[in-house]
Amino acid sequence: MKHTDICDILKDTEKYIDTSVTVCGWVKTVRDSKCVGFIAVGDGTALGTLQVVIDKESFGDAEKAMKATVGSSVAVKGKLVRSEGSGQSVEIKPESFEILGLCPLDYPLQKKKHSLEFLRTIPHLRGRTNTFGAMFRMRSELAKAIHAFFGSRNFTYVHTPIITGSDCEGAGEIFRVTTHDFKTPYKTEEEYYKNDFFGQKAGLTVSGQLEGETLALAMGKIYTFGPTFRAENSNTARHAAEFWQIEPEVAFADLDDIIELATDMIKSITGHILDNCPDEIDFFERFFEKGLKAKLQHIVDSEFAVIEYTDAIKELEKATVDFQYPVSWGLDLQTEHERYLTDVVFKRPVFVINYPKEIKSFYMKQNPDGKTVAATDLLVPGVGEIIGASQREDNYDLLMEQIEKRGMKKEDYLQYLDLRKFGTTPHSGFGLGFERMLMYITGIGNIRDTIAFPRTTGSLV
Ligand code: 4AD
Ligand code: MG
182 MKHTDICDIL
192 KDTEKYIDTS
202 VTVCGWVKTV
212 RDSKCVGFIA
222 VGDGTALGTL
232 QVVIDKESFG
242 DAEKAMKATV
252 GSSVAVKGKL
262 VRSEGSGQSV
272 EIKPESFEIL
282 GLCPLDYPLQ
292 KKKHSLEFLR
302 TIPHLRGRTN
312 TFGAMFRMRS
322 ELAKAIHAFF
332 GSRNFTYVHT
342 PIITGSDCEG
352 AGEIFRVTTH
362 DFKTPYKTEE
372 EYYKNDFFGQ
382 KAGLTVSGQL
392 EGETLALAMG
402 KIYTFGPTFR
412 AENSNTARHA
422 AEFWQIEPEV
432 AFADLDDIIE
442 LATDMIKSIT
452 GHILDNCPDE
462 IDFFERFFEK
472 GLKAKLQHIV
482 DSEFAVIEYT
492 DAIKELEKAT
502 VDFQYPVSWG
512 LDLQTEHERY
522 LTDVVFKRPV
532 FVINYPKEIK
542 SFYMKQNPDG
552 KTVAATDLLV
562 PGVGEIIGAS
572 QREDNYDLLM
582 EQIEKRGMKK
592 EDYLQYLDLR
602 KFGTTPHSGF
612 GLGFERMLMY
622 ITGIGNIRDT
632 IAFPRTTGSL
642 V
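In our numbering, each residue's number is its place in the sequence shown (first place is 1) plus 181.
Right, dumping it as structure tokens:
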């Protein structure tokens with residue numbers, strides 16, 4: 182069906198004015214009066230709609246057109262003319278109006294406003310609302326910005342496996358992958374896995390990092406951009422069981438280099454959103470976060486703060502806030518602490534650096550102090566952690582020591598250890614949570630509203 186995207190018409194109305202256009206979309210609103218009907222059509226390419234003005238006396242198909250209900254899919258051909266009404270600059274004077282799929286009255290999106298909670302129960306339809314249309318266009322644009330950023334810096338985009346035998350983060354949050362039936366004849370765990378599809382224990386990846394490192398030590402600079410999975414039983418507004426991560430990995434780079442890269446990336450992709458999603462930003466500013474546009478500009482213009490973990494603990498100890506989790510050196514920062522640092526102390530993004538080694542993963546580079554590792558989290562106001570990063574341990578013996586100390590199976594990490602044997606080099610990387618970044622730049626408070634089909638504890642709708 183040949184037709185013009187509504188976004189193209191709205192972007193350059195002068196180009197289309199007084200010409201015949203065909204648009205295809207869904208009816209958003211219908212207003213009917215004695216002589217005229219107004220039908221607003223949206224096609225998902227833009228936040229805006231096009232109003233079709235039905236002159237009941239002169240338009241032959243007026244009666245048929247006015248049968249279109251909210252939610253119906255339609256194809257409209259007509260002349261684009263300047264609008265006399267307020268609220269839109271142009272409208273369509275139809276020559277033909279075809280209802281492709283009539284929408285009955287039990288369509289759940291009849292009202293103009295629905296709660297986000299209600300919309301989560303109809304993930305197959307919520308993309309048709311302004312909020313989710315704006316979110317999914319923004320999500321798409323953000324992905325493009327990320328590829329453009331790394332592409333401009335000679336990074337190779339690599340694809341790491343989704344099914345894996347190793348646990349990158351070591352937090353035991355892996356979804357198992359198996360083809361075994363509910364009932365199996367096996368007596369031991371070992372026998373069970375030996376007879377399974379891969380002949381060993383397998384799961385969905387929590388991070389593409391370990392494989393990413395092998396490719397960085399071949400290609401120099403790589404990034405992944407794919408789904409990662411965590412069976413965290415935490416029912417919070419910022420945890421999903423399936424979320425997308427961007428994981429660059431850079432050879433010949435230390436912690437400072439990776440902080441610089443993360444900063445440049447966040448600024449660059451935020452700038453891209455400011456340039457390419459003005460309508461969506463206005464929309465989120467109006468309905469979800471006052472001052473959003475200024476905040477985004479501030480991200481681009483301001484310097485991100487950096488604080489030592491040890492100093493961050495001192496700040497938290499000074500705070501006159503009753504934290505649920507008591508503060509002392511060695512504490513794994515909880516959301517409440519992260520939010521205090523970002524929202525109260527810094528009021529801008531902050532890198533917390535050099536965490537105690539006990540609370541961080543096995544692969545992080547040990548600092549000379551013997552107590553901390555060269556790791557950082559980027560915390561941002563309103564959300565908390567959006568990036569986890571570190572310099573990787575590139576010394577074979579020190580890495581082996583950590584693997585053994587943590588009771589990990591050496592056999593699962595032989596390839597990873599090989600990298601420290603065959604031409605090892607300092608290297609660093611980070612993981613950006615894509616949905617958390619979307620929460621940050623839209624002001625949407627729940628991760629379930631940043632992805633089309635959210636997967637969270639107890640929910641697979
Ligand atoms: O801090 P994390 O666990 O770091 C890693 O996985 C490293 N291997 C990354 C690397 O260095 N290549 O996770 C990275 C980011 C977090 O900062 C957060 O933004 C996001 O991934 N994240 C989640 N997002 C949504 N739901 C969850 N359950 C998440 N867990 C982590
Ligand atoms: Mg982390």
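Where is the CB? At the ideal position from N, CA and C, for every residue including glycine. Fair warning: this is a prediction, and the values are worked out from it, not measured in the lab.
> What first and last residue would you give for the beta strand (DSSP E) that runs through F219?
Replying inline: The continuous beta strand (DSSP E) containing F219 extends over residues 217-223.
> What is the C-beta distance between E354 and V387, in whole angstroms, given that I count them as a contact (C-beta under 8 Å)?
Replying inline: Contact holds; Cβ gap of about 6 Å.
>> Counting C-beta neighbours from all protein chains within 10 Å, is the total for P507 16 or more, i.e. buried, or is it exposed?
In response: Exposed, because fewer than 16 other Cβ atoms sit within 10 Å of the Cβ of P507.
> DSSP puts R263 in a beta bridge; with which residues?
Replying inline: Answer by DSSP bridge pairing, in chain order: V271.
> Do you know whose CA, among A315, F317, Y288, lies nearest I303's CA?
Replying inline: The shortest C-alpha separation from I303 is found at Y288.
> If you count every other CB in all the chains shown that lies within 10 Å of the CB of H518, and 16 or more means buried, which is it?
Replying inline: Classification of H518: buried, given that the 10 Å Cβ count is 16 or more.
> Taking the C-alpha atoms as reference points, what is the distance between V339 and R263?
Replying inline: V339 and R263 have their C-alpha atoms some 49 Å from each other.
> Counting along the chain, where does the alpha helix (DSSP H) carrying I327 start and finish?
Replying inline: Per DSSP, the continuous alpha helix (DSSP H) segment holding I327 begins and ends at 311-332.
>> Let's test the definition: count the other Cβ atoms within 10 Å of the Cβ of E244 and tell me whether it reaches 16, buried, or not, exposed.
In response: Its Cβ having fewer than 16 others within 10 Å, E244 is exposed.
> From G612, E370, F219, L619, pick the residue whose C-alpha is nearest to that of K248; which is it?
Replying inline: Here the closest residue by C-alpha is F219.
>> If you reduce the DSSP assignment to three classes, tell me which class I344 lands in.
In response: Correct three-state label for I344: strand.
>> Rounding to the nearest angstrom, what Cα-Cα distance links S321 and R309 in this structure?
In response: Rounded to the nearest whole angstrom, the C-alpha separation of S321 and R309 is 16 Å.
> Alpha carbon to alpha carbon, how far is I343 from S640?
Replying inline: One C-alpha to the other measures close to 21 Å.
> Using 8 Å as the Cβ pair cut-off and three pairs as the minimum, do the region 483-499 and the region 454-465 touch?
Replying inline: Segments in contact, no.
> Are L560 and T523 touching if we call contact CB-CB under 8 Å?
Replying inline: Yes, the Cβ-Cβ distance between L560 and T523 is below 8 Å.
>> Give me the residue from F603, Q505, L580 with the minimum Cα distance to T516.
In response: Closest option to T516, judged by alpha-carbon separation, among F603, Q505, L580: Q505.
> Alpha carbon to alpha carbon, how far is F331 from W510?
Replying inline: Straight-line Cα distance between these residues: approximately 36 Å.
> Given K448, which residues of its chain have a CB within under 6 Å of its CB, disregarding the five upstream and five downstream residues?
Replying inline: Same-chain partners within the cutoff: V481.
> Which word fits T557, buried or exposed, when buried means at least 16 other C-beta atoms lie within 10 angstroms of its C-beta?
Replying inline: Under this definition T557 is a buried residue.
>> Excluding the 5 residues flanking R307 on each side, which residues of the same chain have their C-beta closer than 7 Å to its C-beta?
In response: L300, F313.
>> Run the Cβ filter for me: residues under 6 Å from any heavy atom of ligand 2, listed in the order they occur in the chain.
In response: Every residue passing the under-6 Å Cβ criterion appears here: D558, E566, G569.
>> Could you check if R587 belongs to the surroundings of ligand 1, using beta carbon to heavy atom distance under 7 Å?
In response: Within 7 Å of the C-beta of R587 there is not a single heavy atom belonging to ligand 1.
>> Please report the straight-line C-alpha distance between H184 and E276, rounded to a whole angstrom.
In response: If you draw a straight line from the Cα of H184 to the Cα of E276, it comes to about 14 Å.
> Looking at the unbroken alpha helix (DSSP H) that takes in D460, where does it start and where does it end?
Replying inline: Run containing D460: 459-468, per the alpha helix (DSSP H) assignment.
>> Using the Cβ count rule (16 or more neighbours within 10 Å means buried), how would you classify R411?
In response: Label assigned to R411: buried.
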